[in-house]
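Going down the list, the protein sequences come from chains A and B. Just so it is clear: in the first sequence, position 159 is 158 by numbering that gives the first Met the number 0, and no numbers are missing. Just so it is clear: in the second sequence, position 122 is 121 by numbering that gives the first Met the number 0, and no numbers are missing. Here a beta-carbon is modelled for each residue, glycine too, at the ideal position from N, C-alpha and C. All values reported here derive from a predicted model rather than from experimental measurement. All remarks here apply to the structure that follows.
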Amino acid sequence: MNSSSENSIEWQAFLYITDELSGDEAEKFEERLADDQAAREAVARVVEIEQAVVQAAGVKMPPVLPAEPRQRRIGWQSAVVGVVLAGLFLAMIPLMIQLPSNRQQQPGGPAVAEAESMVDQAALLVAVWTSGEQDTNDEEDWFDSEWCGPDADNHSGYAVLEIGVPTWMYEAVAEDDGIESGSLDEGPVEN
Amino acid sequence: MSACTPGDECLSTGDADRIDPAEVEALYAEHESQLRLFLTGVLRNRDLVNEALQSTFAKLLESGHTARRETRKGWLFRVAFHEALLIRRRQKVIDKSVKRLANQSKDEPDTPEKAASRHEVAETIRQALSTLPEPQVQIVQMRIYEGKKFAEIADELGIPLGTVLTRMRLALAKLSKSIDETPL
């Protein structure tokens with residue numbers, strides 16, 4: 000059998016297995032298959048080629064022209080994503096410029112500023128506690144001036160008398176505590 | 000069915016009562032792959048192919064002794080084709096989808112030797128495809144990978160059907176030749 004007729008059988012077999020033959024042609028080819036071993040082997044051959052082509056695609060797809068529309072679609076999507084990303088990047092630039100300048104104004108950021116504020120308050124408290132009675136008197140002065148009026152300066156400790164606490168009440172308290180009356184005499188009772 | 004028809008493929012039934020099972024095994028090892036490919040082309044369904052193959056070798060056990068040893072390959076193919084036609088008539092199911100055909104071939108469990116051979120053929124075909132002119136590759140792609148009919152391909156590409164057929168035929172001839180030239 001020459002090469003041309005082999006090709007012809009293979010071609011017929013390929014058309015047969017890919018269902019490209021008409022009903023009559025397929026029937027005719029099957030009649031041939033009943034008797035012709037070369038035709039049978041041609042069928043086996045083209046099935047092997049077809050399977051190998053499919054398997055070869057699994058190994059590595061050959062370069063294909065119809066992929067062009069897909070590439071075009073992917074290119075359009077990529078363009079949209081690219082524009083959005085570029086926009087986001089441009090929007091971020093002013094923020095990125097502002098951040099370092101804010102950091103220069105307030106080194107360490109808001110958290111550091113808050114921490115420094117707390118340290119200042121703590122230092123103030125320590126200063127208050129370590130400054131002695133003078134500061135306490137200041138507070139009392141503030142209390143007196145605020146609540147006891149301008150006359151409170153004279154005897155701040157006994158200003159209560161001026162709000163009507165009777166003398167006997169002080170005496171009774173002094174007796175209960177075992178305080179000598181003399182000590183009370185030094186107090187504002189005499190006033 | 001009488002597997003032996005009048006002609007040179009038959010022996011007289013008096014030669015032996017049954018074929019030697021070891022010989023059946025050897026014939027299976029030698030021709031199973033090609034028979035399976037042939038039956039796949041006819042039936043295009045893995046289950047039906049397996050059924051036809053099983054029936055063929057059952058027939059070989061029953062009446063293989065009636066065929067002359069040197070014509071047993073032809074005898075096997077003829078019986079296989081007959082079994083395939085019987086099954087097809089009975090089933091009335093023919094799946095001619097090329098994609099399904101391809102998937103079925105992937106599902107078949109291969110021995111390491113068969114897998115290696117299949118891979119080698121695939122690699123040969125891949126190399127042959129890379130040497131084909133692009134218009135031919137395009138037709139192969141659309142016909143085999145995408146399962147399009149030649150008429151559809153012609154419509155889609157806006158070229159005559161005859162051109163499509165010619166390109167496919169040339170591509171097929173080159174792919175076939177590449178397998179011939181590959182020492183397997």
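Taking Cβ to Cβ, would you say residue i is nearer than 8 Å to residue j?
i	j	result
leucine 38(B)	valine 23(B)	no
arginine 166(B)	proline 134(B)	yes
phenylalanine 149(B)	leucine 164(B)	yes
phenylalanine 80(B)	arginine 39(A)	yes
isoleucine 86(B)	glutamate 31(B)	no
glycine 157(B)	glutamine 36(A)	no
leucine 171(B)	phenylalanine 13(A)	yes
Find the residues of chain A that neighbour residue i, judging by a C-beta separation of less than 7 Å, and give them in chain order.
i	result
alanine 121(B)	Ala51, Gln54, Ala55, Val58
arginine 168(B)	Trp10
arginine 117(B)	Gln54
isoleucine 86(B)	Going along chain A, no residue has its Cβ under 7 Å from isoleucine 86(B), so there is no contact; the nearest lies around 14 Å.
Express the C-alpha separation of residue j and residue i in angstroms, rounding to a whole number.
i	j	result
phenylalanine 56(B)	alanine 153(B)	43 Å
aspartate 16(B)	glycine 63(B)	10 Å
phenylalanine 28(A)	serine 21(A)	10 Å
arginine 88(B)	arginine 44(A)	24 Å
glycine 40(B)	isoleucine 16(A)	5 Å
alanine 115(B)	leucine 36(B)	17 Å
alanine 55(A)	proline 93(A)	53 Å
alanine 33(A)	arginine 71(B)	15 Å
phenylalanine 23(A)	aspartate 46(B)	It is worth fixing the name first, because residue 23(A) is aspartate in this sequence and not phenylalanine. Using only the alpha carbons, I get a separation of about 27 Å.
alanine 127(B)	alanine 90(A)	53 Å
alanine 85(A)	methionine 95(A)	15 Å
serine 177(B)	lysine 113(B)	19 Å
proline 159(B)	valine 42(A)	27 Å
alanine 28(B)	glutamate 151(B)	41 Å
glutamate 26(A)	valine 80(A)	56 Å
threonine 65(B)	glycine 161(B)	47 Å
histidine 118(B)	proline 111(B)	10 Å
glutamate 145(B)	glutamate 155(B)	13 Å
arginine 67(B)	isoleucine 18(B)	11 Å
glutamate 69(B)	lysine 173(B)	31 Å
serine 54(B)	valine 53(A)	29 Å
serine 7(A)	leucine 52(B)	27 Å
proline 185(B)	aspartate 179(B)	Only positions 0 to 183 of chain B appear in the structure, and residue 185(B) is not among them; the question remains open.
Rank the options by C-alpha distance to the C-alpha of residue i and give the top, closest one.
i	options	result
serine 175(B)	Thr65(B), Leu164(B), Thr162(B), Ile124(B)	Ile124(B)
leucine 26(B)	Leu60(B), Arg45(B), Gly40(B)	Leu60(B)
leucine 75(B)	Leu84(B), Ile86(B), Leu85(B), Lys58(B)	Lys58(B)
valine 46(A)	Arg68(B), Ile143(B), Glu180(B), Ala51(B)	Ile143(B)
alanine 121(B)	Ala28(B), Asn44(B), Thr181(B), Gln53(B)	Thr181(B)
valine 139(B)	Ala51(A), Ala38(A), Met95(A), Gly86(A)	Ala51(A)
arginine 43(B)	Glu112(B), Ala83(B), Pro111(B), Lys147(B)	Ala83(B)
aspartate 18(A)	Asp179(B), Lys147(B), Lys173(B), Glu155(B)	Lys147(B)
How would you list, in chain order, the residues of chain B whose beta-carbon sits under 8 Å from the beta-carbon of residue i?
i	result
isoleucine 8(A)	By Cβ distance, chain B contributes nothing, its closest Cβ being about 11 Å from isoleucine 8(A), past 8 Å.
alanine 33(A)	Arg77, Phe80, His81
Residue i: buried (16+ other C-beta within 10 angstroms of its C-beta) or exposed?
i	result
glutamate 9(A)	buried
glutamine 11(A)	buried
methionine 141(B)	buried
serine 129(B)	exposed
valine 83(A)	exposed
alanine 33(B)	One detail in the question is off: residue 33(B) reads as glutamine in this sequence, not alanine. Buried, because 16 or more other Cβ atoms sit within 10 Å of the Cβ of glutamine 33(B).
isoleucine 48(A)	buried
valine 78(B)	buried
glutamine 137(B)	buried
What does residue i reach in chain B if we use C-beta pairs closer than 9 Å?
i	result
glutamate 30(A)	Correct list: empty, because the minimum Cβ distance to chain B is about 11 Å.
Give me the chain B residues within the contact set of residue i, using Cβ-Cβ distance strictly less than 7 Å, ordered along the chain.
i	result
glutamine 36(A)	Gly73, Phe76
phenylalanine 13(A)	Leu171
Flag residue i as yes when its Cβ comes closer than 7 Å to any non-hydrogen atom of the ligand GTP, and as no otherwise.
i	result
glutamate 19(A)	Absent from the structure shown: the ligand GTP. Ligands present: none.
Please list, in chain order, the chain A residues whose beta carbon lies closer than 9 Å to that of residue i.
i	result
isoleucine 178(B)	Arg44, Glu47, Ile48, Ala51
lysine 148(B)	Thr17, Asp18, Glu19
leucine 174(B)	Ile48, Ala51, Val52
Going along chain A in order, which residues have a C-beta closer than 8 Å to the C-beta of residue i?
i	result
threonine 110(B)	The premise fails here: threonine 110(B) is roughly 16 Å from chain A at the closest Cβ pair, so nothing lies under 8 Å.
phenylalanine 37(B)	Arg39, Glu40, Val42, Ala43, Val46
valine 23(B)	The contacting residues do not exist; valine 23(B) stays about 20 Å from chain A at best.
glycine 40(B)	Ala12, Tyr15, Ile16, Val42, Ala43, Val45, Val46
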